[in-house]
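A.B. asks: The structure that follows is given in the form of structure tokens.
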Amino acid sequence: MDKTYDPRAIEQSLYEQWERAGHFRPSGNGTPYCIMLPPPNVTGTLHMGHAFQHTLMDTLIRYQRMSGADALWQGGTDHAGIATQMVVERQLAAEGVSRHDLGREQFLERVWQWKAESGDTITRQMRRLGNSIDWDRERFTMDDGLSRAVREVFVRLYDEGLIYRGKRLVNWDPVLHTAVSDLEVISEEEQGSLWHMRYPLADGSGHLVVATTRPETMLGDTAVAVHPEDARYNHLIGRQVELPLTGRTIPVIADDYVDPEFGSGCVKITPAHDFNDYAVGQRHDLPVINIFTVDAKINDEAPEAYRGLDRFDARKRIIADLEAQDLLERIDDHKLMVPRGDRTGAVIEPFLTDQWYVKAGPLAEPAIAAVEDGRIRFVPENWSKTYFEWMRNIEDWCISRQIWWGHRIPAWYDEQGNIYVAHDEDEVRARYKLDSGVKLTRDPDVLDTWFSSALWPFSTLGWPDETPELSRYYPTNVLVTGFDIIFFWVARMIMMGQKFMGDVPFREVYITGLIRDSEGQKMSKSKGNVLDPIDLIDGISLDDLIDKRTRGLMQPQMAKRIEKVTRKHFPEGIPAFGTDALRFTLASLASTGRDIKFDLGRIEGYRNFCNKLWNAARYVLMNTEGQDTGLGDEPVELSLADRWIESRLQDVIGQVRAQLNAYRFDLAAQALYDFTWHEYCDWYLELSKPVLTGDSTVEAQRGTRRTLVRVLDTLLRLMHPVIPFITEAIWRQVGPLAGSRGDTLMHQPYPESDEDRKDAAVESEIEWVKTFILGMRRIRAEMDISPGKPLPLLIDNWRDSDRARYDEAEAFIGFLAKPESVTWLEPGNEAPESAMALVGEMRLLIPLAGLIDKDAEIARLEKEQARVRKNLDVCSAKLANPSFVERAPADVVEKERTRVSELETTLKELDAQLERIRRL
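In structure tokens form, the structure reads like this:
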């Protein structure tokens, strides 16, 4: 093994070997276990959310594979309709052409060309993360097989009356000219205005005041609503008001939707441009007047003075005209949630268009029942409440999009507007008995990306054909995903799986938290706090990091802010931590359902952990390579330490298995960390040295060498699902010494706990030894005595059992604690002034006379006393300042109080040490 652990030297080459050898393919033997990868966008790059979820999925797959399951991690990518089309349209714009210049067919050819050349960036990055996906089975939501499945589902649902075409309100992006889903709408608080407008009563007897944040929509108002029990307006219900600037009159209606406490208690109703107003309009049979074009300009339904104006230009003119007619009562500053398209940044408009819909209610009922009766379990369970709340109030699903890249809707129209649905045009003519003289035009729209991804659990396995993979791996075992797509993806997969497979698509849904920065802030490019997993793996300089974060930003002020944030948090750039350190960090943070604060301190700690493991393996190899490791029939003798580490190993195996089965990745990682670092490396490797270097028997040395390699071999298998690269690299050298056979660690059996190897008595013995050694080390540290200086040791208040334990562990204690001599004091013997440590009730005494320079030690302790008092005074002064306590963040104040408590304790210990030294 190389002297220094360098992840760059092992990770990529190992992955290439694994993939080339086909190690990620399911075995075909054992109980089937399948995870479906949530398909990332083909336009995308790996972000921290991907890295987090993929680490957990890969851990589960590797764990199940090693446990004997027929494990399939089914991967693939999503065609990402809007995002991909925008990428290619930007390329065309740089060439001075548009998609309309090319036409639909040539444009789609360009998209496929882009996909072939650049669409696999994220899958290359997934390989860097160590994902053991069966790449031979990789799917794409627009490959031939999945496209066939999409058409089949659409046709079947249409034939059953569960898909229909209708005119309803949708989220409309006026830049893309398409409907978008709620997930593609980002609503953030912005500073705006609230305009209070006067609507005169038609009979001239007064006016009503309505308030709006979108005054341009008043051109499409068809009513003013008041609460039915609002006494101020009861007498006006049913009367007419003049709609300013339009020459129209509209009625005053009563509806429970109105909050009489908000504003004037009068609400303008614009059914074509507000989702709530649309519902009111449906209840009252109001006209629905659309005043916008597809690019959010005023159309011909509005008065001539405003036609053709952009909505925001129209707003300015409307406000000016209202002021001129004394119909604008006042304008208030107002913070409001503004919905913007996540791709374009344009303000989204509720817009009335013809779209295709899925009737969700009939599909939702069996999907609700599947969670109610336990066929699907959410982890954590509380997310089922979120699922039920949405499913029990589900609305029909708009599945059409007005773009070119995607699954084109399999519907055709004749010249009279009749709709015909089938898999292709030939089938339309045969099915509906249309002769060749009937001219048909195909619907230009494509399906919502979520429609094809809703079929992912069974379409990827070959449906609608009855393939062997479909019968073997469906239903899948667990879906690992974020809470934000429970509605958009999880629920729809359950609905489609129940409908077309007659069974749920997965047995469990593990909902992860959100990765946040070290201060708990959501990661976003605009804040400059986004971390790229590949940067964490490979490292990146400060200059390159700044360039990467600010490249392409059009606003200089934003670029300056992001550069400032980057310089503050990463003054030396980001060092190369390697994949295993990143994976261990993410696993250790995966506490059930909670959001996660990620900081470089954690990953640096787990990089140190990997380094510790590497150095431990080097020690084992140096002491076992070319040596007898007990693989034959020769007798072995196991030391107390050998038997202890074997016993402790069985306990950690049980812990890790139980925690992985319960999706407690954090607790599994903690158990692995504690055992590896504190028990195997810090204690057992040290306890092995006196056996290997002393005058132990051949049998004892053989027993320790065998224990060294076997425990390490087991530990590598235990950790492999979480940190696959370093464990594989070490195992290839250690495994053969322990008797393991095979080409790769990932196909070794996962350890199982052996109750017969547990030994509570031995564990108790070693705990006694550890306490003994730590007691002497603490005395050395407190008295500032060199670790290598032999010390005379007096033992007082001992029992026969203590003497027996010492005799059995004398070699360990002598090697690690280095007593110069040991004197067992009889009852009544008076000990000289000594430093003391307790081992149970037994006392370890180190006579101080002659060991230390009394005057020098007093001077050192008094100097330390002064330093601690100074720090204590500073901290106490802060807490005594009311301004600090009242204004500082609560966690800062609490930290200061903890610091004071720690300093006070340190001062007491220093006082006690000084008192002992002065008595010498």
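Each residue of the sequence shown is one higher than the last, beginning at 69 in my numbering. We put the beta carbon where it would ideally sit given N, CA and C, even for glycine. Computed from a predicted structure; not experimentally measured.
#1: Out of Ile201, Val837, Thr421 and Met563, point me to the one whose CA is closest to Gly908's CA.
#2: Looking only at C-alpha atoms, which of Pro758, Gly722 and Tyr741 sits nearest to Arg675?
#3: State buried or exposed for Ala299, treating a residue as buried only when at least 16 other CB atoms are found within 10 Å of its CB.
#4: Determine the closest residue to Glu369 out of Thr290, Gly171, Arg651 and Gly429, with distance taken between C-alpha atoms.
#5: If you drop the 5 nearest sequence neighbours on each side, which residues of the same chain put their C-beta closer than 7 angstroms to that of Ser586?
#6: Hey, would you say Ala217 sits closer than 8 angstroms to Pro532, going by beta carbons?
#7: Starting from Trp182, follow the alpha helix (DSSP H) in both directions and report where the run begins and ends.
#8: Which residue or residues does DSSP assign as beta-bridge partners of Lys991?
#9: In chain order, which continuous runs of the alpha helix (DSSP H) of length 4 or greater are located wholly inside the stretch 766-811?
#10: Just tell me which of Gly896, Glu463 and Val688 has its CA closest to the CA of Asp864.
#11: With burial defined as no fewer than 16 other Cβ atoms inside 10 Å of the residue's Cβ, what is the status of Glu747: buried or exposed?
#12: DSSP three-state call for Ser832: helix, strand or coil?
#13: Tell me which residue opens and which closes the beta strand (DSSP E) that His264 is part of.
#14: To test your reading of the DSSP string, which unbroken alpha helix (DSSP H) runs of 4 or more residues are found completely within the stretch 856-891?
#15: Give the secondary structure of Phe330 by DSSP, where H, G and I count as helix, E and B as strand, and everything else as coil.
#16: So, with DSSP's three-state summary, where would you put Lys616?
#17: Using 10 angstroms around the beta-carbon of Glu252, count the other beta-carbons present and answer buried if the total reaches 16, otherwise exposed.
#18: So the alpha helix (DSSP H) Cys678 belongs to, where does it begin and stop?
#19: Just mark Arg564 as buried or exposed, buried being the case when its beta carbon has 16 or more other beta carbons within 10 Å.
#20: Quick one: does the C-beta of His118 sit closer than 7 angstroms to a heavy atom of the ligand NAP?
#21: Distance, Cα to Cα, Ile614 vs Leu599?
#22: Can the beta-carbon of Arg716 be found closer than 8 angstroms to that of Phe743?
#23: When we look at the beta-carbon of Val165 and count the other beta-carbons within 10 Å, is it buried (16 or more) or exposed?
#24: Can you find at least 3 beta carbon pairs, one from the stretch 145-161 and one from the stretch 102-115, that sit closer than 8 angstroms?
#25: When burial is assigned at 16 or more other CB atoms within 10 Å of the CB, is Val320 buried or exposed?
#26: Tell me whether Arg867 is buried or exposed, calling it buried when 16 or more other Cβ atoms sit within 10 Å of its Cβ.
#27: For the putative contact between Arg499 and Pro543, defined by C-beta atoms under 8 angstroms, what is the C-beta separation to the nearest angstrom?
#28: Nearest to His264 by alpha carbon, out of Glu84, Ile487, Glu391 and Lys427?
#29: Mark Asn545 as exposed unless 16 or more other C-beta atoms lie within 10 angstroms of its C-beta, in which case mark it buried.
#30: Where does Lys757 fall in DSSP's three states?
#31: Please confirm whether Leu813 and Thr795 have their CB atoms less than 8 angstroms apart.
#32: Taking DSSP as the reference, what is the three-state secondary structure of Asp202?
#33: Expressed to the nearest angstrom, what Euclidean distance is found between the alpha-carbon atoms of Pro371 and Ala490?
#34: Quick one: residues in its chain with C-beta nearer than 7 angstroms to the C-beta of Glu964, no 5 flanking neighbours on either side, listed in chain order?
#35: State yes or no: is the C-beta of Val406 within less than 8 angstroms of the C-beta of Glu256?
#36: Are Lys940 and Glu983 closer than 8 angstroms when you measure CB to CB?
C.D. replies: Let's see:
#1: Among Ile201, Val837, Thr421 and Met563, the Cα nearest to that of Gly908 belongs to Val837.
#2: Arg675 has its Cα closest to that of Tyr741, out of Pro758, Gly722 and Tyr741.
#3: With fewer than 16 other Cβ atoms within 10 Å, it is exposed.
#4: Minimum Cα-Cα distance from Glu369 among the listed residues Thr290, Gly171, Arg651 and Gly429 corresponds to Thr290.
#5: The answer, listed in chain order, is Lys665, Phe666 and Asp667.
#6: Closer than 8 angstroms, so yes.
#7: Note, Trp182: alpha helix (DSSP H), Arg172 to Ser186.
#8: Only positions 69 to 988 of the chain appear in the structure, and residue 991 is not among them; the question remains open.
#9: Entirely contained in the stretch 766-811, the alpha helix (DSSP H) runs reaching 4 residues are, in chain order, 766-787 and 792-806.
#10: Distances from the alpha-carbon of Asp864 to those of Gly896, Glu463 and Val688 put Gly896 closest.
#11: Buried, since its Cβ has 16 or more Cβ neighbours within 10 Å.
#12: In the structure shown, Ser832 sits in a helix (DSSP, three-state: H, G or I).
#13: First-last of the beta strand (DSSP E) with His264: Val253 to Pro268.
#14: Entirely contained in the stretch 856-891, the alpha helix (DSSP H) runs reaching 4 residues are, in chain order, 868-885.
#15: Phe330 falls in the coil class under three-state DSSP.
#16: Note: Lys616 maps to helix in three-state DSSP.
#17: Counting Cβ neighbours within 10 Å, Glu252 comes out buried, since at least 16 surround it.
#18: Taken as a continuous stretch (DSSP letters only), the alpha helix (DSSP H) holding Cys678 covers Leu668 to Thr692.
#19: A small fix is needed here, since residue 564 is Met in this sequence, not Arg. Burial call: buried.
#20: As presented, the structure is devoid of all ligands, the ligand NAP included, so that no description of it is given.
#21: If I take the Cα positions, the gap works out to 12 angstroms.
#22: The answer is yes: Cβ separation under 8 angstroms.
#23: Exposed: under 16 other Cβ atoms inside 10 Å.
#24: Using a Cβ-Cβ distance cut-off of 8 angstroms, the stretch 145-161 and the stretch 102-115 are in contact, since at least three pairs of beta carbons, one from each stretch, lie closer than that value.
#25: That one is buried.
#26: By the C-beta density criterion, Arg867 is exposed, having fewer than 16 other C-beta atoms within 10 angstroms.
#27: The pair is not a contact, with the Cβ atoms about 33 angstroms apart (cut-off 8 angstroms).
#28: Checking every option, the nearest Cα to that of His264 belongs to Glu391.
#29: Asn545 is buried by the Cβ-count criterion.
#30: In the three-state DSSP reduction, Lys757 falls in the helix class (H, G or I).
#31: Yes, Cβ-Cβ distance for Leu813 and Thr795 is below 8 angstroms.
#32: Reduced to three states, the DSSP call for Asp202 is coil.
#33: Taking the CA atoms as reference points, Pro371 sits about 43 angstroms from Ala490.
#34: Counting only residues of its own chain and dropping the five nearest sequence neighbours on each side, Glu964 has a CB closer than 7 angstroms to the CB of Cys943, Lys946 and Leu947.
#35: In contact: Val406 and Glu256 (Cβ atoms closer than 8 angstroms).
#36: Contrary to the premise, residue 940 reads as Leu rather than Lys in this sequence. Cβ distance not < 8 angstroms, so Leu940 and Glu983 don't count as in contact.
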